[in-house]
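Counting along the sequence shown from 1, when you hit position 45 you're at 45 in full-length UniProt numbering, and nothing is skipped either side.
Cβ atoms here follow ideal geometry from the backbone N, Cα and C, with glycine treated the same way.
Fair warning: this is a prediction, and the values are worked out from it, not measured in the lab.
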Amino acid sequence: MLPDPARLRGQSGRRETHCRRAIADAIFYLVDNGIKWRALPMDFPPCSTVYNYFAAWATGEQDCS
């Protein structure tokens, strides 16, 4: 479901600050509870990070397969 981090595909780059599982869990939490991005609990990554990943996946900028 989630794309492999670039470091596992032989590409260099910055390490991920937040694991993709936590970001996906945050998106599922938003959808399930119908809350606003800014109301995301502190247990999840920052709302701006979660939104940026969501926007990239929704527009196809990142492969989700």
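For residue 30, which of helix, strand or coil comes out of DSSP? In this structure, residue 30 counts as helix in the three-state DSSP scheme.
CA-to-CA distance, residue 56 to residue 49, given in whole angstroms: 11 Å
Give a yes or no on whether the C-beta atoms belonging to residue 45 and residue 23 are separated by under 7 Å. yes
How is the alpha helix (DSSP H) around residue 57 delimited, first residue to last? 47-59
Apart from the five residues on each side of it in sequence, which residues of its chain come closer than 8 Å, Cβ to Cβ, to residue 51? Here the set comprises 37.
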